[in-house]
Ligand code: 5GP
């Protein structure tokens with residue numbers, strides 16, 4: 002049984018997830034950020050292998066066939082998926098594994114990994130604020146922004162499935178909340194370990 006833990010972060014694109022992870026990175030101990038694979042085109046400044054592994058639709062579908070994904074989903078018309086192998090390796094090394102995935106991915110990871118999962122939904126305070134941020138980011142066309150806002154309206158309805166909700170109206174405050182959640186995620190003891198503890202207790 003590994004000592005690793007999983008922290009799933011979800012929330013609309015533009016909620017500030019990457020900023021919060023970056024701000025918190027020196028405070029939460031050793032972690033592995035799961036780099037997803039996607040068929041969407043890279044945005045300006047995005048680096049293959051760092052922000053995402055960018056692949057063709059054919060390559061992605063081949064990976065699905067070979068069972069290489071822990072989870073995958075179609076978001077905004079593109080495939081996004083989490084490769085299984087690096088996650089298992091990081092968990093076995095006792096690391097905190099952080100996922101930035103959508104609400105469908107959260108459901109799938111919970112089903113697959115069960116009670117070692119802690120999750121947080123990060124959102125701007127209002128839909129209007131999300132729209133402003135997406136427009137200011139200048140990285141998406143009006144069509145894409147429209148699609149993302151539509152998707153965000155659907156995603157917000159899944160917040161009750163998450164352990165925590167972080168309302169990002171102030172990056173410093175949201176980062177502090179995220180740090181305490183990440184620390185708690187490390188301390189979560191899965192069912193298997195609880196059973197082991199009971200057995201040890203009763204053996205003595
Ligand atoms: P973006 O295109 O803005 O980078 O991401 C779009 C959405 O896809 C975000 O909600 C992001 O969390 C989600 N996403 C990114 N990687 C994955 C993944 O591996 N699996 C799933 N299910 N969703 C992902």
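Residue numbers (our numbering): 2 to 205.
Glycine included, every Cβ here is placed at the ideal spot set by N, Cα and C.
Reducing DSSP to helix, strand and coil, say where residue i ends up.
i           : result
residue 54  : strand
residue 93  : helix
residue 61  : helix
residue 160 : helix
residue 84  : strand
residue 133 : helix
residue 178 : helix
residue 144 : helix
residue 199 : helix
residue 2   : Residue placement at residue 2 is poorly supported in this model, since its pLDDT is 46, which falls under 50; the coordinates are not used for a value here.
residue 69  : coil
residue 103 : coil
residue 188 : helix
residue 152 : helix
residue 171 : coil
Measuring CA to CA, which of the options is closest to residue i?
i           : options               : result
residue 27  : 189, 180, 202 and 190 : 180
residue 173 : 11, 22, 39 and 131    : 22
residue 43  : 74, 35, 31 and 56     : 56
residue 162 : 112, 95, 66 and 150   : 112
residue 121 : 99, 20 and 128        : 99
residue 37  : 131, 31 and 9         : 9
residue 187 : 200, 102 and 94       : 94
residue 85  : 152, 101 and 35       : 35
residue 150 : 165, 129 and 64       : 129
residue 90  : 116, 123, 32 and 193  : 32
Please classify residue i: is it buried, with 16 or more other beta-carbons within 10 angstroms of its beta-carbon, or exposed?
i           : result
residue 11  : buried
residue 39  : buried
residue 51  : exposed
residue 72  : buried
residue 171 : exposed
residue 127 : exposed
residue 199 : exposed
Under the assumption that residue i contacts residue j (Cβ atoms under 8 Å), give the Cβ distance between them as a whole number of angstroms.
i           : j           : result
residue 184 : residue 29  : 7 Å
residue 60  : residue 53  : That belief does not hold up - the Cβ atoms of residue 60 and residue 53 are roughly 13 Å apart, past 8 Å.
residue 167 : residue 155 : Actually they do not touch by this definition, with Cβ atoms about 19 Å apart.
residue 125 : residue 134 : 6 Å
residue 97  : residue 17  : That belief does not hold up - the Cβ atoms of residue 97 and residue 17 are roughly 20 Å apart, past 8 Å.
residue 189 : residue 119 : 6 Å
residue 74  : residue 105 : 4 Å
residue 102 : residue 83  : 6 Å
residue 116 : residue 191 : 5 Å
Quiz prompt | 3-residue-minimum beta strand (DSSP E) runs that sit fully inside the region 9-47, ordered along the chain | solution = Every beta strand (DSSP E) stretch that sits fully inside the region 9-47 and reaches 3 residues is listed by chain position as 32-34.
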